[in-house]
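Taken in order, the sequence shown gives residues 0 to 320; the numbers are from numbering that gives the first Met the number 0.
Structure first, then comments.
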Amino acid sequence: MNLKMIGILTAIFTMLLAPFSVCFLGDGQAEAKSDSLDKSRLEDKAIEVYINATGEKKELDIEDYVCCVLLAEVPESFDEEATKAIAVAVRTYTCRRLESDEKYTKHFSAHMCDDYTHCLGFMTYEEAVSRWGEKLAKSSYDKIKKCVDETKGEILYYNGNVIDAVFHASSAGYTEDAKNVWGYDIPYLVSVETPEKYGESRVTLKGSELREILEKQGVSCNFEQAEEKWAESVEKDKRGRVKSICIGGTTLTGRRVREIFHLESTVFDLKYEDGLFIFDVKGHGHGVGLSQYGCQQLALDGKSYKEMLSLYYTGAELGLY
Ligand SMILES: [Zn+2]
Numbered sequence: 000m001n002l003k004m005i006g007i008l009t010a011i012f013t014m015l016l017a018p019f020s021v022c023f024l025g026d027g028q029a030e031a032k033s034d035s036l037d038k039s040r041l042e043d044k045a046i047e048v049y050i051n052a053t054g055e056k057k058e059l060d061i062e063d064y065v066c067c068v069l070l071a072e073v074p075e076s077f078d079e080e081a082t083k084a085i086a087v088a089v090r091t092y093t094c095r096r097l098e099s100d101e102k103y104t105k106h107f108s109a110h111m112c113d114d115y116t117h118c119l120g121f122m123t124y125e126e127a128v129s130r131w132g133e134k135l136a137k138s139s140y141d142k143i144k145k146c147v148d149e150t151k152g153e154i155l156y157y158n159g160n161v162i163d164a165v166f167h168a169s170s171a172g173y174t175e176d177a178k179n180v181w182g183y184d185i186p187y188l189v190s191v192e193t194p195e196k197y198g199e200s201r202v203t204l205k206g207s208e209l210r211e212i213l214e215k216q217g218v219s220c221n222f223e224q225a226e227e228k229w230a231e232s233v234e235k236d237k238r239g240r241v242k243s244i245c246i247g248g249t250t251l252t253g254r255r256v257r258e259i260f261h262l263e264s265t266v267f268d269l270k271y272e273d274g275l276f277i278f279d280v281k282g283h284g285h286g287v288g289l290s291q292y293g294c295q296q297l298a299l300d301g302k303s304y305k306e307m308l309s310l311y312y313t314g315a316e317l318g319l320y
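The structure is reproduced here in structure tokens:
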């Protein structure tokens, strides 16, 4: 998911897409109320997708589009409930994009493109067959299609507006407050405890490499001290995300350090050992909103997709587009 795009929350949303009916997630009555969502009046919704490799603009039904995103974004091993939760998040994210006045010049005003670093990942069934072979592609697609069909039309609202349903791969213990990533509060994107076993990764750099990368990024540092003193004063929040770190006398935010050194997340330790700077990183992604691997763990624990959405999007309500 694209970090630049998902930070944009300033578009004004109309009430034109108000749900036919809305249910509160997570309380005891949620199941009964959401089952009463009347889908008989659901209308088709089309979306334009720009294919970067060919320059082609494809028009797709939004439900077919969600299938293509899930083929690209959801591991084949994922449980159905986790896949359904991600389907609702992707559909919501896409509906919000449809409502936005923003012109996406990078893809000639198409609503979305197929570059996961800019919008969302995208893979057609034919592409899946050529990559994975027909057997795996078919079993993946069949499961995804079932999950998309069973959640057809369902999206999330907060105070009557379609939410910014951002998601990420995994967090280390807690998701992140939107404010700590984008600088402003979003009431339904607040830190919550998340159960997944997060991935760990490591980035190792010689002093000369660290210095070169910082200089290329235009960060002015003072490297006159001995190397082992270049990085100091690491400040973390109570959940282990790096708030700031001082490198060569210049204080950088954890987020900026993540960008500069291409770290998987802002949950990291930095140490200097045997002439090397070593970043040990936990989790993958910006940490805001729904955690995909968190959903998978919750599914294994017997939770429903509605409970997952309720956890990761605090106070959001399930409705129809
Ligand atoms: Zn894009």
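Note that beta-carbon positions come from the ideal geometry of N, C-alpha and C, so glycine has one too.
Practice item. Check each candidate in Val73, Thr93, Asn51 and Ser35 and name the one with the smallest Cα separation from glutamate 62. Key: To locate residue 62, count along the sequence shown from 1; it is residue 63. The residue with the shortest Cα to Cα distance from glutamate 62 is Thr93.
Review point. What is the DSSP secondary structure of alanine 122, counted as helix, strand or coil?
Key: Here residue 122 is taken as the residue at index 123 of the sequence shown, counted from 1. With the sequence shown as reference, residue 122 is identified as methionine, and alanine is not the correct amino acid for it. Coil.
**Study point:** Buried or exposed (CB count within 10 angstroms, at least 16 for buried), lysine 38
**Key:** Position 39 of the sequence shown, counted from the first residue, corresponds to residue 38. Exposed is the call here.
Check your understanding: Can you name the start and end residues of the beta strand (DSSP E) that tyrosine 271 belongs to?
Key -> Your numbering for residue 271 matches position 272 in the sequence shown. Tyrosine 271 -> beta strand (DSSP E) spans 266–272.
**Study point:** Near ligand 1: methionine 122 beta-carbon under 7 Å from a heavy atom
**Key:** As a first step, residue 122 must be located in the sequence shown, where it is residue number 123. Incorrect: methionine 122 has no Cβ contact closer than 7 Å to ligand 1.
Check your understanding: In angstroms, rounded to a whole number, what distance separates the CA positions of serine 35 and isoleucine 154?
Key -> Numbered from 1 along the sequence shown, position 36 holds the residue referred to as residue 35. Numbered from 1 along the sequence shown, position 155 holds the residue referred to as residue 154. If I take the Cα positions, the gap works out to 15 Å.
Review point. Got a sec? Which residues, its chain only, sit under 7 Å from methionine 122 by beta carbon, not counting five neighbours each side?
Key: Reading the sequence shown from its first residue, position 123 is the one you call residue 122. These residues qualify, in order along the chain: Cys67, Leu70 and Ala71.
Point to revise | Supposed close pair serine 290, threonine 150 - CB separation, criterion 8 Å | key: Here residue 290 is taken as the residue at index 291 of the sequence shown, counted from 1. Here residue 150 is taken as the residue at index 151 of the sequence shown, counted from 1. Their Cβ separation, rounded to whole angstroms, is 18 Å, which puts serine 290 and threonine 150 out of contact at 8 Å.
Point to revise | Endpoints, the alpha helix (DSSP H) within which glycine 253 is located | key: Here residue 253 refers to the residue found at position 254 of the sequence shown. Run containing glycine 253: 253–260, per the alpha helix (DSSP H) assignment.
Check your understanding: Using DSSP with H/G/I as helix, E/B as strand and the rest coil, what is asparagine 158?
Key -> By 1-based counting over the sequence shown, the position of residue 158 is 159. Coil, per DSSP.
Review point. How is tyrosine 49 classed by DSSP in three states: helix, strand or coil?
Key: Indexing the sequence shown from 1 puts residue 49 at position 50. Tyrosine 49 carries a strand assignment under DSSP once its states are collapsed to helix, strand and coil.
Practice item. May I ask whether a heavy atom of ligand 1 can be found less than 7 Å away from the beta carbon of cysteine 294? Key: Position 295 of the sequence shown, counting from 1, holds the residue named residue 294. For ligand 1, not one heavy atom lies less than 7 Å from the Cβ of cysteine 294.
Check your understanding: Counting only runs that start and end within the stretch 148–225, where is the alpha helix (DSSP H) found for 4 or more residues in a row?
Key -> 177–181 and 206–215
**Study point:** Inter-residue CB distance, glycine 282 and glutamate 258 (contact presumed, cutoff 8 Å)
**Key:** As a working note, residue 282 is residue 283 in the sequence shown. As a working note, residue 258 is residue 259 in the sequence shown. Wrong, their Cβ atoms sit about 16 Å apart, outside the cutoff.
Check your understanding: For isoleucine 277, which residues of its own chain have a beta-carbon under 6 Å away from its beta-carbon, when the five flanking residues on both sides are left out?
Key -> Your numbering for residue 277 matches position 278 in the sequence shown. Cβ within range, chain order: Thr203 and Lys270.
Review point. DSSP on tyrosine 312, reduced to helix/strand/coil?
Key: Taking the sequence shown and counting its residues from 1, one reaches residue 312 at position 313. DSSP places tyrosine 312 in coil when its eight states are reduced to three.
Review point. Ligand 1 heavy atoms versus the CB of cysteine 112: any closer than 7 Å?
Key: Here residue 112 refers to the residue found at position 113 of the sequence shown. Indeed, a heavy atom of ligand 1 lies less than 7 Å from the Cβ.
Point to revise | CA nearest to the CA of threonine 174, picked from Ala52, Gly248 and Arg240 | key: For the purposes of this step, residue 174 is identified with residue 175 of the sequence shown, where counting begins at 1. Restricting attention to Ala52, Gly248 and Arg240, the CA atom closest to the CA of threonine 174 is found in Arg240.
Review point. Lysine 242 by DSSP, collapsed to three states: which one?
Key: In the sequence shown, the residue the question calls residue 242 occupies position 243. In the structure shown, lysine 242 adopts extended strand secondary structure according to DSSP, grouped into three states.
Point to revise | Any non-hydrogen atom of ligand 1 within 7 Å of tyrosine 103 CB | key: Walking along the sequence shown from the start, residue 103 turns up at place 104. Result yes, Cβ under 7 Å from ligand 1.
Check your understanding: Is the beta carbon of valine 180 sitting closer than 8 Å to the one on valine 287?
Key -> As a first step, residue 180 must be located in the sequence shown, where it is residue number 181. As a first step, residue 287 must be located in the sequence shown, where it is residue number 288. Yes, the Cβ-Cβ distance between valine 180 and valine 287 is below 8 Å.
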